[in-house]
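See below for the structure under consideration.
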Amino acid sequence: KAGVTQTPRYLIKTRGQQVTLSCSPISGHRSVSWYQQTPGQGLQFLFEYFSETQRNKGNFPGRFSGRQFSNSRSEMNVSTLELGDSALYLCASRTAGAGSSYNEQFFGPGTRLTVL
Amino acid sequence: TQLLEQSPQFLSIQEGENLTVYCNSSSVFSSLQWYRQEPGEGPVLLVTVVTGGEVKKLKRLTFQFGDARKDSSLHITAAQPGDTGLYLCAGGRNNDMRFGAGTRLTVKP
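If you read the protein sequences in the order shown, they are chains A and B.
Be aware that the first sequence starts at 531, since it is given in my numbering, and climbs by one per residue.
Be aware that the second sequence starts at 78, since it is given in my numbering, and climbs by one per residue.
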């Protein structure tokens, strides 16, 4: 079974621009979560999508948004980029149906975003 | 404040030594996962524990889930340079998952 894939792997943008990152989950996984990872803050939860609906949301400003398509693929968008948005953005997928107790997540390789 | 506290934050040891890292919380989790992450890559799932008191072994790695399902430990025997990485624990409750800040392990040859 193919793993979680993320595109692009590397991205360089300038302040004020916007960016869209893409994630394809493991086949059969309906939940996709996004995380921001920086050396100072560690792994911070952005949001989770399940069956095209945002199910959980972390504590990030509205500049960070996402969506999920009917095939479970997900995108996240960051508008009006700031220098502090430079980070590794990770996507993770899991089956996570109602009442799921195992919650195993499988991560993609990440997108390294650099904001200049 | 992290929901999951990992200790130590950094650990540097020589090849062949043993080590234990900890993941503690005041919350009860239905499951707990351990991941290892190498620079520039995503975390890779090592193990999931779900039963209080459960012990799982993965070659030289031994994982234990606390009886109350609030804490966990990872013990590595005879560490090797290939064990170098960031070790993350993650706790699951219902459909919510939270990560610790991680333990950065360096094993010197």
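Ideal Cβ placement from N, Cα and C applies to all residues, glycine included.
Keep in mind that this is a model prediction, so the values were computed, not measured.
**Straight-line gap, Gly-130 of chain B to Gln-86 of chain B (C-alpha atoms, nearest Å)** = Along the second sequence, one-based indexing puts residue 130 of chain B at 53. Along the second sequence, one-based indexing puts residue 86 of chain B at 9. Looking at the two C-alpha atoms, the distance is approximately 24 Å.
**Contact belief for Leu-182 of chain B with Tyr-164 of chain B at Cβ below 8 Å, rounded distance in angstroms** = Taking the second sequence and counting its residues from 1, the one referred to as residue 182 of chain B is at position 105. Taking the second sequence and counting its residues from 1, the one referred to as residue 164 of chain B is at position 87. About 6 Å separates the two Cβ atoms, so the contact holds.
**Prompt:** List, in order along the chain, the chain A residues whose C-beta lies closer than 9 Å to that of Ala-178 of chain B?
**Reply:** Your numbering for residue 178 of chain B matches position 101 in the second sequence. Here the neighbours are Gln-571, Gly-572, Leu-573.
**Request:** Can you check the region 578 to 606 of chain A for any beta strand (DSSP E) of at least 3 residues that lies completely inside it and give the ranges in chain order?
**Result:** 583 to 587, 594 to 598
**Request:** Name, going along the chain, the residues of the region 588 to 622 of chain A whose beta-carbon falls closer than 7 Å to a beta-carbon of chain B.
**Result:** Leu-620
**Request:** Would you mind stating whether Val-608 of chain A and Val-562 of chain A have Cβ atoms separated by less than 9 Å?
**Result:** Indexing the first sequence from 1 puts residue 608 of chain A at position 78. Indexing the first sequence from 1 puts residue 562 of chain A at position 32. Against a cut-off of 9 Å, the Cβ pair of Val-562 of chain A and Val-608 of chain A comes out as no contact.
**Asked** Thinking C-alpha only, which one of A:Gln-584, A:Gln-536, A:Asp-615 is nearest Glu-545 of chain A?
**Response** Residue 545 of chain A sits at position 15 when you count from the first residue of the first sequence. Residue 545 of chain A is actually Arg in this sequence, not Glu. If we check each option's Cα against that of Arg-545 of chain A, A:Asp-615 comes out closest.
**Message:** Buried or exposed, going by whether 16 or more other CB atoms sit within 10 Å of the CB of Val-132 of chain B?
**Reply:** As a working note, residue 132 of chain B is residue 55 in the second sequence. It is exposed - the Cβ of Val-132 of chain B has fewer than 16 other Cβ atoms within 10 Å.
**Request:** Going by CA-CA distance only, name the one from A:Gln-567, A:Asn-586, A:Phe-599, A:Gly-592 that's closest to Ser-552 of chain A.
**Result:** Working through the first sequence from its first residue, we reach residue 552 of chain A at position 22. With distances taken between Cα atoms, Ser-552 of chain A lies closest to A:Phe-599.
**Prompt:** Quick one, which residues of the region 120 to 141 of chain B are near chain A if we go by CB-CB under 9 Å, in chain order?
**Reply:** Pro-120, Val-121, Leu-122, Thr-125, Val-127
**Prompt:** So, is Val-105 of chain B buried or exposed, given that buried needs 16 or more other C-beta atoms within 10 angstroms?
**Reply:** Residue numbering aside, residue 105 of chain B sits at position 28 when the second sequence is read from its first letter. It counts as exposed.
**Asked** Which residues, taken in chain order from the region 543 to 570 of chain A, show a beta carbon closer than 7 Å to some beta carbon of chain B?
**Response** none
**Prompt:** Near Asn-162 of chain B, what residues of its chain come up, given a Cβ to Cβ distance below 7 Å and the 5 sequence neighbours on each side ignored?
**Reply:** Counted from its first residue, the second sequence places residue 162 of chain B at position 85. Here the sequence assigns Gly to residue 162 of chain B, which means Asn is not the residue at that position. Hits under 7 Å: Arg-113, Gln-114, Glu-115, Leu-182.
**Prompt:** Can you tell me the Cα-Cα spacing of Gly-638 of chain A and Leu-620 of chain A, whole angstroms?
**Reply:** As a working note, residue 638 of chain A is residue 108 in the first sequence. As a working note, residue 620 of chain A is residue 90 in the first sequence. Straight-line Cα distance between these residues: approximately 6 Å.
**Request:** Could you name the residues of chain B that Glu-634 of chain A contacts, counting a contact when the two beta carbons are closer than 7 Å?
**Result:** Here the question's residue 634 of chain A lines up with position 104 in the first sequence. Those are Gln-110, Leu-122, Thr-125, listed as they occur along chain B.
**Prompt:** Ends of the beta strand (DSSP E) at His-152 of chain B?
**Reply:** By one-based count along the second sequence, residue 152 of chain B stands at place 75. Here the beta strand (DSSP E) through His-152 of chain B covers 148 to 153.
**Message:** Which residues in chain A have a C-beta closer than 7 Å to the C-beta of Leu-165 of chain B? List them in chain order.
**Reply:** Counting from one through the second sequence, the residue named residue 165 of chain B turns up at place 88. Residues of chain A passing the Cβ test: Leu-573.
**Prompt:** Would you call the CB atoms of Gly-177 of chain B and Glu-118 of chain B closer than 9 Å?
**Reply:** Mapped onto the second sequence, residue 177 of chain B falls at position 100. Mapped onto the second sequence, residue 118 of chain B falls at position 41. In this structure, Glu-118 of chain B does not lie closer than 9 Å to Gly-177 of chain B by Cβ.
**Asked** Taking only beta-carbon atoms, is Asp-160 of chain B less than 9 Å away from chain A?
**Response** As a position in the second sequence, residue 160 of chain B is number 83, starting the count at 1. Closer than 9 Å: no.
**Request:** Return the CA-CA distance between Gly-588 of chain A and Gly-168 of chain B, expressed in angstroms with no decimal places.
**Result:** Working through the first sequence from its first residue, we reach residue 588 of chain A at position 58. Working through the second sequence from its first residue, we reach residue 168 of chain B at position 91. Answer to the nearest angstrom: the Cα atoms are 16 Å apart.
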